[in-house]
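Participant:
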Amino acid sequence: MAKLNINGRVHNVLVEPETPLLWVIREQVGLTGTKYGCGVAQCGACSVHINGEVMRSCSIAVGDLKAGDKIVTIEGLSPTSSHPVQKAWAAIDVPQCGYCQSGQIMAAAALLRKNPKPTDKDIDEAMTNICRCGTYQRIRTAVHMAAEMPAGGKSAAVNGHKA
Amino acid sequence: MKDISSKTKLSRRAFVVGTTAAAGGGLALGFHMPADAASARAAAANEGVEVNAWVVIKPDDTCMIRIARTEMGQGTRTGLAQLVAEELECDWKKVTTDSITPGQNLARKRVWGEMGTGGSRGIRTSHDYVRRGGAAARIMLLQAAADQWKVPVGELTVSDGIISHAASKRTISYGKVAAAAAKLTAPDPKDITLKDPRNWKIAGKAIKRLDTADKLNGSKIYAIDVKLPGMLCAAIKSCPVFGGTVKSYDEAKIAGRPGIKGVVKVKETGVAVVADTWYRAKSALEALPIVWDDAANAGQSDAIIAAHLREGFDAAANNGDRRNGDAVKAIEGAAKKVEAIYSTPFLAHATMEPMNCIAKIAADRAEAWVPSQNSEASLAALSEASGLPLDKCEVYRSDPGGGFGRRGGSQDYVHQAVAIAKNFPNTPVKLIWSREEDMTHDFYRPISQAKMAAGLDEQGNLVGLHVRISGQSINAFANPAAVAGGKDMRQLQGYDVNPGEAQLGYAAPNMLIEYVMRNTHVPVGPWRGVNTNQNAVYMECFMDEVAKAAGKDPLEFRRSLMGNFPKHLAILNAVAEKAGWGQPLPPGVHRGIAQFHGYATYSAAVAEVSVSDAGKLKVHRLVLGVNCGHPVNLDQIAAQCEGSVAFGLTAALYGECPVKDGRMASLNFDTYHIMRLAEMPKVETIIVPTYDFWGGIGEPTISVVSPAVMNAIHAATGKPVRSLPLKNVKLV
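Protein chains in written order, with this note's numbering: chain A, 738 to 900; chain B, 234 to 965.
1) Where residue 758 (chain A) and residue 895 (chain B) are concerned, what is the direct C-alpha to C-alpha distance, given to the nearest angstrom?
2) To test your reading of the DSSP string, which unbroken beta strand (DSSP E) runs of 3 or more residues are found completely within the segment 580 to 667 of chain B?
3) Measure from the C-beta of residue 902 (chain B) to each C-beta in chain A and report whether the shortest distance is under 8 Å.
4) If we ignore side chains and look at the alpha-carbon of each, how far apart do residue 858 (chain A) and residue 910 (chain B) end up?
5) Expressed to the nearest angstrom, what Euclidean distance is found between the alpha-carbon atoms of residue 527 (chain B) and residue 476 (chain B)?
6) Report all residues from its chain with a CB closer than 7 Å to the CB of residue 830 (chain B); omit the five preceding and five following residues, and keep chain order.
7) Taking only beta-carbon atoms, is residue 307 (chain B) less than 8 Å away from chain A?
8) Given that residue 878 (chain B) touches chain A, what residues does it touch there, using C-beta distances under 7 Å?
9) Using DSSP with H/G/I as helix, E/B as strand and the rest coil, what is residue 442 (chain B)?
10) With DSSP as the reference, identify every bridge partner of residue 860 (chain B), one or two as the case may be.
11) Would you kindly work out how many angstroms separate the C-alpha atoms of residue 836 (chain A) and residue 586 (chain B), rounded to a whole number?
12) Would DSSP call residue 858 (chain A) helix, strand or coil?
13) Leaving out five residues before and five after residue 326 (chain B) in sequence, what residues of the same chain have Cβ atoms less than 7 Å from its Cβ?
14) Mind checking whether residue 305 (chain B) and residue 644 (chain B) have CB atoms under 8 Å apart?
15) Looking at the strands, I want to know which residues DSSP matches up with residue 569 (chain B).
16) Does chain A have any CB closer than 8 Å to the CB of residue 916 (chain B)?
17) Under three-state DSSP, which class holds residue 965 (chain B)?
18) Just to confirm the assignment, what range does the alpha helix (DSSP H) spanning residue 313 (chain B) have?
19) Do you know offhand how far residue 931 (chain B)'s Cα is from residue 791 (chain A)'s?
20) Please list the segments of the alpha helix (DSSP H) lying wholly inside the segment 357 to 404 of chain B, counting only runs of 4 or more residues, in order along the chain.
21) When the cut-off is 8 Å and only beta carbons count, does residue 864 (chain A) lie next to chain B?
22) Could you tell me whether the Cβ of residue 946 (chain B) comes closer than 8 Å to any Cβ of chain A?
23) In angstroms with no decimal places, state the Cα-to-Cα distance between residue 561 (chain B) and residue 754 (chain B).
24) If you follow the beta strand (DSSP E) that residue 741 (chain A) is part of, which residue opens it and which one closes it?
25) Does residue 442 (chain B) come within less than 8 Å of chain A when only Cβ atoms are used?
26) Chain B partners of residue 757 (chain A), CB-CB under 8 Å?
27) Are the beta-carbon atoms belonging to residue 825 (chain B) and residue 687 (chain B) less than 8 Å from one another?
28) Identify the residues that DSSP records as bridge partners of residue 829 (chain B): which are they?
29) Using 8 Å as the threshold, is the C-beta distance between residue 568 (chain B) and residue 690 (chain B) below it?
30) From B:867, B:890, B:389, pick the residue whose C-alpha is nearest to that of residue 398 (chain B); which is it?
31) Per DSSP, what are the beta-bridge partners of residue 850 (chain B) in this structure?
32) Give me the Cα-Cα distance between residue 559 (chain B) and residue 697 (chain B), rounded to the nearest whole angstrom.
33) Against chain B, does residue 799 (chain A) count as a neighbour if the rule is that its beta carbon must be under 8 Å from one of theirs?
34) Residues in the segment 664 to 679 of chain B with C-beta within 9 Å of chain A's C-beta atoms, listed in sequence order?
35) Identify, in the order they occur along the chain, each residue of the same chain with its Cβ nearer than 8 Å to the Cβ of residue 265 (chain B), setting aside the five sequence neighbours on each side.
36) Going along the chain, which residues of its own chain have a beta-carbon closer than 8 Å to the beta-carbon of residue 502 (chain B), five neighbours each way excluded?
Take a look at the structure:
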């Protein structure tokens, strides 16, 4: 049994402790916005925030999480899809197939929280998720655009940390 | 022709047209359904009126446009909706879409036409009938208003779904006349005059996609996300050596693990573990000892395959050619000879959403949830694998998380899912391939090599060109009937004599371009761009080598061969101008240029790169030019061009699937490297339409990316690059 705080709600899940957080989120908790892409922390499709840090959930055993850890998935980033990153993504029409975009958005949101005005080099270093459709140019543009927007106020409460 | 393959062939059968089935019947009561299926049911609940097969109008004036083709990122859903809406004259802000199912299409005698989405055909082969569908609906809606008002229909006008009669100052919306319109006799599509695309208001513009919102908050349901009541999950391993089978497995070793529901031998080639969750199934499968019979191919390797291909250069006969004059003789007698051998490797599709399928098999009903590029092929596979007739089968669609050619005709995962689900009657079973399985059992881009030779006269004019491509045939593997008399011109894609689809844009007084078939044991299939990517590398990189030997600028040399190919030349000139060809560059930065024709679309690129003293490559900028005839959504064309740079550069920089001991050796993204954002060059797209044909967009521009970059490297280092990927090439 593990007790997980996901998007501000506590979930009691009955699962083997070695199960990766990704699969607990998808199969036990039932939130499917977080994606499986590689299982080896390479592609970033499974990116979530843990205590405000972007992490690849496919490679974190649920048994290694601490009781107080605050996990935020794409579904919890903003209750109204109004996080600046989501707004910028919509304005630029970033997604193609969309499969990797939950992870991209979570990575971008984490970057902007730490570094509100990232340079191109900062974006290069932080945005290491794979997009097979090749939306990278638009991701870069959208991160810069999101950096110019006022931070979304409502997301802070859901995130459990300041946006 | 020599064939060293020993492969397990997937059986296929032609899709049978015209069988009757209950449209939309028997939809399982899922609690996590794909958005489109959910919206279809919602539409029925809202009593929308079907004016015709393409257009459903609701009382609130929402226009639901039906889409048959697959949306997998390329923007086809939005583009097709724009084309229908353009003729329908509805309010674009009130447009929604719905993806019809193959069962519905079958039941209505394929009123929506072909559903298969490959070959960059989504728009270019359906634009005519979808526009006529939109126009027919408009005509019926106007007639219904005219009937109601008892005025001649010619006195009515329509804009944004509002019909007006100026003389009586009356207006009425589509939603108010839809029911009456639906009862009218539809006009003959042949009698409909479509708008001149130059007068389009919705199509031809840079309009936002219709399907972005649910990709931003995790609510979009891909097939891998679908949950059904009582559903089980399955993980599978097939013999890693192609053509091998299962010898034995020790089920007792995983007995007692949590959640396990069974172990299933899948055909003779694979083993699946079924459990209550996928992670439990996958980890049990990893713990399951399996003994494989590797059969004939365990000794295969890169070196053996390369030698097999190389041997094709000396073969007496070929498997298809185009020729004029006598190229061999002309090159022999030329003042200057240029020769080079090029090679490109096997590549995996590596869609971000791995292969998956849910199957639910009952005694008299088979259902599947499939991310498919060809839902009719999925339905045919479901019918064949379940043994039930087509009218007892249905396939529910989810937009694939990437396709790139992998999810088209083969439908291997549907066959597997059904084979597994048959053991759990009336229970949905979701099969998901691990990334490793996805990389182990792809239908790979075929491997090939090219022997290139050219002859120049004293003035540096091209007098002869001889190309011999030796490599694996997709048709020989996937569609042997297409290799009539041992000839397979598909492998020479982009070198056609005839205009239209994929014509070579150069003329020489003596030319011989030939294909020699050298098949391997590796399963192959179409990979976004199919043969244009490799063939463009061979032709366009060699053109730079020949130009250099002739002492001419690569652009000028090309122009001298392109007099008969004005559209190829126009797009080449357009990128050259935009990129400032011939203008000074920052120190250390060099340009390369390339052009190619594929999927009816003319593409060209200029790349700017630098190569450090240590041989490190940086690609700074790509200018891509495209003439697709009639552009339908300018922003989505730009998006496809940008994406094609990432797709093409990934292949150029890193892409290879090494074969070791008969199996694939690169099984995840730690070794099958995909380009990341930091390596993405600045991409500028210029669209130069000529409005006299319909070309594709999903694939064609990939072909010019690699050769433009390789030619820029050649310019930077003075050394031609002749093999890919570049990670294996010492640049300086």
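C-beta: ideal position from N, C-alpha, C; glycine also.
Facilitator: The relevant details are as follows:
1) In the first sequence, residue 758 (chain A) corresponds to position 21, counting from 1. In the second sequence, residue 895 (chain B) corresponds to position 662, counting from 1. Distance between the alpha carbons of residue 758 (chain A) and residue 895 (chain B) is about 35 Å.
2) 589 to 595, 598 to 603, 626 to 630, 662 to 665
3) The residue given as residue 902 (chain B) occupies position 669 in the second sequence. Answer yes: the Cβ-Cβ gap between residue 902 (chain B) and chain A drops below 8 Å somewhere.
4) The residue you call residue 858 (chain A) lines up with position 121 of the first sequence. The residue you call residue 910 (chain B) lines up with position 677 of the second sequence. Taking the straight line from one Cα to the other gives about 10 Å.
5) For the purposes of this step, residue 527 (chain B) is identified with residue 294 of the second sequence, where counting begins at 1. For the purposes of this step, residue 476 (chain B) is identified with residue 243 of the second sequence, where counting begins at 1. Computed Cα separation, rounded: 7 Å.
6) Locating residue 830 (chain B) in the second sequence gives position 597, counting from the first residue. Cβ within range, chain order: 727, 735, 736, 738, 801.
7) Within the second sequence, the letter at position 74 stands for residue 307 (chain B). Yes, because at least one Cβ of chain A sits closer than 8 Å to the Cβ of residue 307 (chain B).
8) Locating residue 878 (chain B) in the second sequence gives position 645, where the first residue counts as 1. By Cβ distance, chain A contributes 871.
9) Position 209 of the second sequence, counted from the first residue, corresponds to residue 442 (chain B). DSSP places residue 442 (chain B) in coil when its eight states are reduced to three.
10) Here the question's residue 860 (chain B) lines up with position 627 in the second sequence. Partner(s): B:835.
11) By 1-based counting over the first sequence, the position of residue 836 (chain A) is 99. By 1-based counting over the second sequence, the position of residue 586 (chain B) is 353. If you take the alpha carbons of residue 836 (chain A) and residue 586 (chain B), they lie about 7 Å apart.
12) Your numbering for residue 858 (chain A) matches position 121 in the first sequence. Here residue 858 (chain A) sits in helix by DSSP.
13) Along the second sequence, one-based indexing puts residue 326 (chain B) at 93. No residues qualify anywhere along the chain.
14) Indexing the second sequence from 1 puts residue 305 (chain B) at position 72. Indexing the second sequence from 1 puts residue 644 (chain B) at position 411. Their beta carbons are not under 8 Å apart, which means residue 305 (chain B) does not touch residue 644 (chain B) by this criterion.
15) Residue mapping note: residue 569 (chain B) aligns to position 336 of the second sequence, counting from 1. Note: residue 569 (chain B) sits in a beta bridge opposite B:689.
16) Start at 1 with the first residue of the second sequence, and residue 916 (chain B) comes out as number 683. It does; some Cβ of chain A falls within 8 Å.
17) Within the second sequence, numbered from 1, the residue matching residue 965 (chain B) stands at position 732. Reduced to three states, the DSSP call for residue 965 (chain B) is coil.
18) What you label residue 313 (chain B) is simply residue 80 of the second sequence in a count that begins at 1. Unbroken alpha helix (DSSP H) run through residue 313 (chain B): 309 to 321.
19) On the second sequence, position 698 is the one that residue 931 (chain B) refers to. On the first sequence, position 54 is the one that residue 791 (chain A) refers to. C-alpha separation (whole angstroms): 32 Å.
20) 360 to 382
21) Along the first sequence, one-based indexing puts residue 864 (chain A) at 127. Yes, its Cβ sits closer than 8 Å to a Cβ of chain B.
22) Here residue 946 (chain B) refers to the residue found at position 713 when the second sequence is read from its first residue. So no, residue 946 (chain B) is outside the interface.
23) Stepping through the second sequence from its first residue, residue 561 (chain B) is reached at position 328. Stepping through the second sequence from its first residue, residue 754 (chain B) is reached at position 521. Whole-angstrom Cα-Cα distance: 32 Å.
24) Residue mapping note: residue 741 (chain A) aligns to position 4 of the first sequence, counting from 1. That run of the beta strand (DSSP E) goes 739 to 743.
25) Within the second sequence, residue 442 (chain B) is the residue found at index 209, counting from 1. Cβ-Cβ to chain A under 8 Å: yes for residue 442 (chain B).
26) Taking the first residue of the first sequence as position 1, residue 757 (chain A) is located at position 20. What residue 757 (chain A) touches in chain B: 512.
27) Looking up residue 825 (chain B) in the second sequence gives position 592. Looking up residue 687 (chain B) in the second sequence gives position 454. Contact flag unset, no.
28) By 1-based counting over the second sequence, the position of residue 829 (chain B) is 596. Looking at the DSSP assignment, residue 829 (chain B) forms a beta bridge with B:836.
29) Within the second sequence, residue 568 (chain B) is the residue found at index 335, counting from 1. Within the second sequence, residue 690 (chain B) is the residue found at index 457, counting from 1. In this structure, residue 690 (chain B) lies closer than 8 Å to residue 568 (chain B) by Cβ.
30) Taking the second sequence and counting its residues from 1, the one referred to as residue 398 (chain B) is at position 165. Out of B:867, B:890, B:389, B:389 has the C-alpha closest to the C-alpha of residue 398 (chain B).
31) Along the second sequence, one-based indexing puts residue 850 (chain B) at 617. DSSP output for residue 850 (chain B) lists B:844 as bridge partner(s).
32) Residue numbering aside, residue 559 (chain B) sits at position 326 when the second sequence is read from its first letter. Residue numbering aside, residue 697 (chain B) sits at position 464 when the second sequence is read from its first letter. Each residue's Cα considered, the two are about 8 Å apart.
33) What you label residue 799 (chain A) is simply residue 62 of the first sequence in a count that begins at 1. Judged by the 8 Å Cβ criterion, residue 799 (chain A) is not in contact with chain B.
34) 665, 667, 668, 669
35) Translated into the one-based positions of the second sequence, residue 265 (chain B) becomes position 32. For residue 265 (chain B), the pLDDT reaches just 48, beneath the cut-off of 50, and the residue's location in the model is therefore unreliable, although a value from the coordinates is still provided. 454, 458, 459, 460, 461, listed in sequence order.
36) Residue 502 (chain B) sits at position 269 when you count from the first residue of the second sequence. Excluding residues within five positions, the ones whose Cβ falls inside 8 Å are 241, 471, 472, 477, 478, 479.
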